[in-house]
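Protein chains in written order, with my numbering: chain E, 1 to 625; chain W, 1001 to 1137.
What follows is one structure encoded as structure tokens, with my remarks underneath.
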Ligand code: SF4
């Protein structure tokens, strides 16, 4: 089947049974791949059950590649997994890079649907069209690096390449609510705690290896497109920048407009900032460069610190989000401590955004007297205390000491500490906001509020479109100029980004960074050339729209309502200084326009009419009382 | 029609600002560390400014189209003006072709932290030199 392996693997962890389903070509055409497959299959798997425990056996976990995964194409190595989040309680999907998705497809599978739960640790081995569950007791307790090394090592020999490993670490096993799943040490299904879903299922790892390449419908069209794109990539300064400095480049670019949150979002300027920029990164951390399958952009960094209190061996280095969450957000100017905290998070398998935000929240609670040294086990949570930060990361992964409380995330911690600490929260639907300030780009405010998984900058391309990394001149609604600190017209911009993004970022699956030079029409052509489908740009926006409504509906199924489409007070408090001083997104205006555009009722549910029009009648009874 | 009606005003105004920057050790020292030579090619109105950081002091030369520059940046005068207020979305300007750069991108990016203090210097300079009407932010 052109562009697809043609088979979906189903794994029931409760009874240990595996089953293969053929991928229906008409399903593939309607749902494209990636998140389109994930949400539809997840919803079908629920079979009407809505009251499920995210950490219980009834919560399915779905992992799907896209039609381009496994193609040697820049910025197209990605794939998606999703489930109900133990952190937020609502729907969560994660977009992942690396090599695992490509090798899963080469092994003959477009994706995996996992149900049930095992009583003892298991791992799923996938190799050249076969899959089997194995006892994983000996890996349980290992960190993600040890597990990846052990499994990759075992697979060597016989003249073939190593297995690609997707695994949880101790944080997932310990049900840390923001535990991640880690592919080949540095590519994470990072946010919203999907690692804890695996931990609860006692699923330690999946390995994949294969050598089959999916057929391409029109190889000549694909190579013509690659030729066209070659020039665009070579002349793209954006690509050159992320190739040269990785996402850390954004430290110097984002600060100009005031997009980088500091001191738990109370500042956008701070003198310690310069110690965390890409030049200091190069000097103190950089140890190499890495990439995802088939991508020449190679934006990934390797880092190491050879000596001192924050020494760690060479491994995947911190991204921009981590430099900000463990750096500026906590007023920690020690980049080596950021590197160490990142290394620990990778090893334990934890989301650096949620943990950094929860530490910053705790630092503010400590300053305001809501937390004492007694509460923290003697750890001084003063702003900028790098030792405390690293110690807390370690404790959280192990669920020890004060880390036990951090492991619940900032919203639950605030619940324990009292109503007055809510003012320090930065969560939407329970998910800590990423490191982009909605006071600087008002569209982010609406995107955070209405994303099905909570405050998120990757689920749709609103962030790169508004901040400039992605430009789609061939989509009229996205071709114009947009004033960041203005709320007018943002509802339409956000809705269109979400619809197109559900195709582009979600289902195709392009990388929001590495696919920067790709136009919308070129994206459609890439998918058509590979699959043989004849999508038009209008059609993929419509299909994306349907997929987006499915994501939204899943969060409604799990109890999200209109009241949850809101930003915390901290993100709506004007800054006194800096480039965005005084700017506050007009949530009332944007949400009013957005609800009308989306045809939502006041509870934030899509109307039966819009769901019918999109061919999603089966969802109506799940979300309407 | 852009903000600037004639080349002379823009040339004197921005060239003067670059000279001010060249005399500010906090910024100039970092520029000199880069050893970079940059030609700014502005349109509407057409002005060329050459910044030479290869010696022991930063030189600003107006209209130098002959000396070989390591980096060439092309943009409209309006975008340049906005940039020095810190008001240009740099990523968008580059991806949308409003700013074009020729030369080693990493070297250009390395200058960003160095020039950060200039965003506050620019409006003050405009007021001081009688260009208040252009102080638009
Ligand atoms: S740009 Fe970076 S994250 Fe995106 S596919 Fe390429 S290497 Fe991976």
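Cβ coordinates follow ideal geometry from the N, Cα and C atoms, glycine included.
Residues of chain E with a CB under 9 Å from the CB of residue i: which are they?
i                       : result
residue 1036 of chain W : Result: empty, since nearest Cβ-Cβ is about 14 Å, beyond 9 Å.
With residue i as the anchor, note down where its beta strand (DSSP E) starts and where it stops.
i                       : result
residue 115 of chain E  : 111 to 115
residue 17 of chain E   : 17 to 22
residue 1052 of chain W : 1047 to 1052
residue 1100 of chain W : 1099 to 1102
residue 490 of chain E  : Unbroken run through residue 490 of chain E is the alpha helix (DSSP H), 490 to 501; no beta strand (DSSP E).
residue 94 of chain E   : 91 to 96
Give me whichever residues DSSP pairs with residue i in a beta bridge.
i                       : result
residue 164 of chain E  : E/208
residue 122 of chain E  : E/135 and E/203
residue 62 of chain E   : E/82 and E/113
residue 600 of chain E  : E/606
residue 1042 of chain W : W/1047 and W/1075
residue 286 of chain E  : E/303
residue 583 of chain E  : According to DSSP, which records beta bridges pairwise, residue 583 of chain E is partnered with nothing at all.
residue 312 of chain E  : E/305
residue 267 of chain E  : E/262
residue 7 of chain E    : E/22
Does DSSP put residue i in a helix, a strand or coil?
i                       : result
residue 1013 of chain W : helix
residue 132 of chain E  : strand
residue 183 of chain E  : strand
residue 189 of chain E  : strand
residue 293 of chain E  : coil
residue 373 of chain E  : coil
residue 13 of chain E   : coil
residue 556 of chain E  : helix
residue 622 of chain E  : helix
residue 1065 of chain W : coil
residue 262 of chain E  : strand
residue 151 of chain E  : helix
residue 428 of chain E  : strand
residue 127 of chain E  : strand
residue 1037 of chain W : strand
residue 398 of chain E  : helix
residue 338 of chain E  : helix
Quick one: list the residues of chain E neighbouring residue i, beta-carbon separation under 8 Å, in chain order.
i                       : result
residue 1113 of chain W : 252, 274, 277 and 279
Would the beta-carbon of residue i be found less than 6 Å away from any heavy atom of the ligand SF4?
i                      : result
residue 159 of chain E : no
residue 291 of chain E : yes
residue 77 of chain E  : yes
residue 297 of chain E : yes
residue 514 of chain E : yes
residue 345 of chain E : no
residue 97 of chain E  : yes
residue 94 of chain E  : no
residue 81 of chain E  : no
residue 511 of chain E : yes
Taking residue i as the query, report the chain W residues whose CB atoms sit under 9 Å from its CB, ordered along the chain.
i                      : result
residue 467 of chain E : 1089, 1091 and 1092
residue 460 of chain E : Neighbours of residue 460 of chain E on chain W: none; closest Cβ ~17 Å, over 9 Å.
residue 579 of chain E : 1086, 1087 and 1119
In chain E, what lies closer than 7 Å to residue i by C-beta?
i                       : result
residue 1101 of chain W : 237
residue 1096 of chain W : 471
Going along chain W in order, which residues have a C-beta closer than 7 Å to the C-beta of residue i?
i                      : result
residue 320 of chain E : Under the 7 Å cutoff, chain W gives no residues; its nearest Cβ is about 12 Å from residue 320 of chain E.
residue 249 of chain E : 1109
residue 233 of chain E : In chain order: nothing, as chain W lies at least about 12 Å away.
residue 256 of chain E : 1086 and 1090
residue 516 of chain E : 1095
For the alpha helix (DSSP H) that residue i lies in, which residues bound it at each end?
i                       : result
residue 1060 of chain W : Run containing residue 1060 of chain W: none in the alpha helix (DSSP H); it sits in the beta strand (DSSP E), 1059 to 1062.
residue 176 of chain E  : Unbroken run through residue 176 of chain E: none, as it is neither H nor E.
residue 365 of chain E  : 352 to 367
residue 464 of chain E  : 462 to 467
residue 454 of chain E  : Here residue 454 of chain E belongs to no alpha helix (DSSP H), and DSSP marks it neither H nor E.
residue 106 of chain E  : 100 to 106
residue 655 of chain E  : The requested residue 655 of chain E is not part of the displayed model; chain E covers only 1 to 625.
residue 77 of chain E   : Looking at the DSSP string, residue 77 of chain E is not in any alpha helix (DSSP H), and its letter there is neither H nor E.
residue 520 of chain E  : 520 to 531
residue 330 of chain E  : No alpha helix (DSSP H) holds residue 330 of chain E; DSSP gives it neither H nor E.
residue 1096 of chain W : Careful: residue 1096 of chain W lies outside any alpha helix (DSSP H) and carries neither H nor E.
residue 1125 of chain W : 1118 to 1128
Just to make sure I have the definition right: I need the residues of chain W whose C-beta is within less than 8 Å of the C-beta of residue i. Which are they?
i                      : result
residue 240 of chain E : 1105 and 1106
residue 245 of chain E : 1106 and 1109
So which residues of chain C does residue i contact, with C-beta pairs closer than 9 Å?
i                     : result
residue 70 of chain E : Among the chains of the structure shown, chain C does not appear; the protein chains present are E and W.
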